[in-house]
Each structure stands twice: as structure tokens, then as C-alpha cells.
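K.L.:
Before we start, here is the structure in question, set down as C-alpha cells.
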Amino acid sequence: MKLMPVALAATLSIAAPAQAATIVDTGTPTGGGYTIALNPKQKLAGRFSLMSATVLTDIQGYIGSSTNTEILTIAISRGTDTPGDVLYSGTVTSATAPSFQGLSGLDWMLDAGDYWVSFASSGYSFMVSGAPQPLAQGAYWTVDAWHPKGIWVPQDGSASPIGVRMSGVAAAVPESATWAMMLLGFGMVGAAVRRRATTTRATIRIA
Numbered sequence: 023m024k025l026m027p028v029a030l031a032a033t034l035s036i037a038a039p040a041q042a043a044t045i046v047d048t049g050t051p052t053g054g055g056y057t058i059a060l061n062p063k064q065k066l067a068g069r070f071s072l073m074s075a076t077v078l079t080d081i082q083g084y085i086g087s088s089t090n091t092e093i094l095t096i097a098i099s100r101g102t103d104t105p106g107d108v109l110y111s112g113t114v115t116s117a118t119a120p121s122f123q124g125l126s127g128l129d130w131m132l133d134a135g136d137y138w139v140s141f142a143s144s145g146y147s148f149m150v151s152g153a154p155q156p157l158a159q160g161a162y163w164t165v166d167a168w169h170p171k172g173i174w175v176p177q178d179g180s181a182s183p184i185g186v187r188m189s190g191v192a193a194a195v196p197e198s199a200t201w202a203m204m205l206l207g208f209g210m211v212g213a214a215v216r217r218r219a220t221t222t223r224a225t226i227r228i229a
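The sequence shown begins at 23 in our numbering and counts up by one.
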């Protein structure tokens, strides 16, 4: 009987194996004739959607900097037309040559829905434009507020041209066989509890 709780705990810990997935990949920006300033006075963001609960593990933006000492801040926010309150953020030291750089080894849990990924720099950095598969919507930060669209968006006036790559794993969900084992475990524990209560009552009557 003492093994029942241990068996049940083991059953509860079983979940479907997480599968790595690409969340966003805009492709490497071509330049498109211009770059977009990224500095303490201007942040850049793009909106993306998740169809199911996901744990983000890596976020990268295609960024270059004037020096290799700039501190890049990457954040995830909710929001509709522009980013709202920050849910998660992290920093990384920049590289000078334009490249995909950012955060890795993350454990940021997000439910299904729409989110914004934003980029900022402690000094002068820039994001190259012309992503082949741009995010559906962009925003920029200036004068202490986020603004939708702006002069840095491409001809269609809405999509974000910046380069972004994100990856993660689907949130673990128990398989049907695991649910069956869990229910069986609960039943066995309930039976053990009832049997113990009956034994206790019988002992009291005999005494």
C-alpha cells in the first residue's frame, strides 16, 4: 500500500515528449536599401502568433552595432496594435557585423495567442530591413511610447521588415495512455484509503 503514492506520482510526471519547433523565421534580411536605427531612443518590434501553448527557448534578431559592447535587450509582450506590458526580457552583448544574435537557453512559457517581440540597444545599433517573410505587423518606440507602423515599414504599410528567428517546444500535454494510467492510479489510491478506514474501524470495535 505504501507504494501507491509513489506509483501515482510517477504516473503524474509522465507527459508527451516535447518536440522542437521553429516558431518564427523571417529569413535573412536583404537590406532593401536601408537599415533601421536601434538605440536608447528607438526600439523595434514585430507581432507573431502562437497556435498552442509553447515554451520559447531561443530568440534572435538580425542586428549590427557600432561596437561589440552594446547591450541588446530582447523582450516579449502582449498587445494589439502595439506592444503592451513586458512578460519576459533578457540582455546580450552585441556583435558588430550584422548577424542573427540574441538569447538562448530560455524557458519562457507562453499560451496560445498574439505576442510582440521587441529589440532595443544601449548604444547605436541597427536592424537590417528586407526580411523575405516579414512578421505581419510592426511597431517602433520613440518619445516614450510605442507607435504602430511608421516610416521604417515597407510599401504595404503594415508588415515588419526586420529579421527575427524564434524557436521553442510545445508545452507538455499528457497522452491518452497517460491519462488512463493517472485515473487507474487515483482509483487504486482511493481503494487503499477505503480499505485502511475499514481496518481501523474493525480494530476499534474489537478493542
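Yeah, the Cβ is synthetic: ideal placement off N, Cα and C, and Gly gets one too.
(1) Thinking just about the alpha-carbon of each residue, which of 76, 105, 125, 120 is nearest to the one in residue 96?
(2) Cutting at 7 angstroms between CB atoms, please list the residues of its own chain near residue 106, excluding the five before and the five after it.
(3) I'd like to check one pair, residue 57 with residue 148: are the Cβ atoms closer than 7 angstroms?
(4) State the DSSP-derived secondary structure class of residue 65, mapped to helix, strand or coil.
(5) Please report the straight-line C-alpha distance between residue 191 and residue 77, rounded to a whole angstrom.
(6) Considering only DSSP beta bridges, list what residue 151 is partnered with.
(7) Would you call residue 60 buried or exposed, if buried means 16 or more other Cβ atoms sit within 10 Å of its Cβ?
(8) Verify whether the separation of the beta carbon atoms of residue 108 and residue 94 is less than 7 angstroms.
(9) Please state the DSSP three-state secondary structure of residue 114.
(10) If you count every other CB in all the chains shown that lies within 10 Å of the CB of residue 73, and 16 or more means buried, which is it?
(11) Identify, in the order they occur along the chain, each residue of the same chain with its Cβ nearer than 8 angstroms to the Cβ of residue 91, setting aside the five sequence neighbours on each side.
(12) If we count the other Cβ atoms within 10 Å of its Cβ and call it buried at 16 or more, is residue 158 buried or exposed?
(13) Does the distance from the CB of residue 150 to the CB of residue 84 come in under 7 angstroms?
(14) Our contact map puts residue 68 next to residue 182 with C-beta atoms below 8 angstroms; I'd like the distance itself, whole angstroms only.
(15) Where does residue 64 land, buried or exposed, given buried means 16+ other C-beta within 10 angstroms?
(16) Please list, in chain order, all residues of the same chain as residue 184 whose beta carbon is under 8 angstroms from its beta carbon, the five residues on each side excluded.
(17) Take the Cβ of residue 104 as the centre, count every other Cβ of all protein chains shown within 10 Å, and call the residue buried at 16 or more, exposed below.
P.N.:
Quick answer:
(1) The residue with the shortest Cα to Cα distance from residue 96 is 125.
(2) Hits under 7 angstroms: 99, 100.
(3) Going by beta carbons, residue 148 and residue 57 fall inside the 7 angstroms limit.
(4) It is a strand residue.
(5) Approximately 5 angstroms, taken between the alpha carbons.
(6) Answer by DSSP bridge pairing, in chain order: 53.
(7) The residue in question, residue 60, is buried, as its Cβ has 16 or more Cβ neighbours within 10 Å.
(8) For residue 108 and residue 94, no; Cβs fall outside 7 angstroms.
(9) When DSSP states are grouped into helix, strand and coil, residue 114 belongs to the strand group.
(10) Exposed is the call here.
(11) So the list reads 115, 116, 145, once near-sequence residues are dropped.
(12) With fewer than 16 Cβ atoms within 10 Å of its Cβ, residue 158 is classed as exposed.
(13) A distance below 7 angstroms separates the beta carbons of residue 150 and residue 84.
(14) So it is a contact: roughly 4 angstroms between Cβ atoms.
(15) By the 10 Å Cβ count, residue 64 comes out buried.
(16) Same-chain partners within the cutoff: 48, 51, 58, 66, 68, 83, 84, 141, 149, 150, 151, 153, 156, 157, 160.
(17) With 16 or more other Cβ atoms within 10 Å, it is buried.
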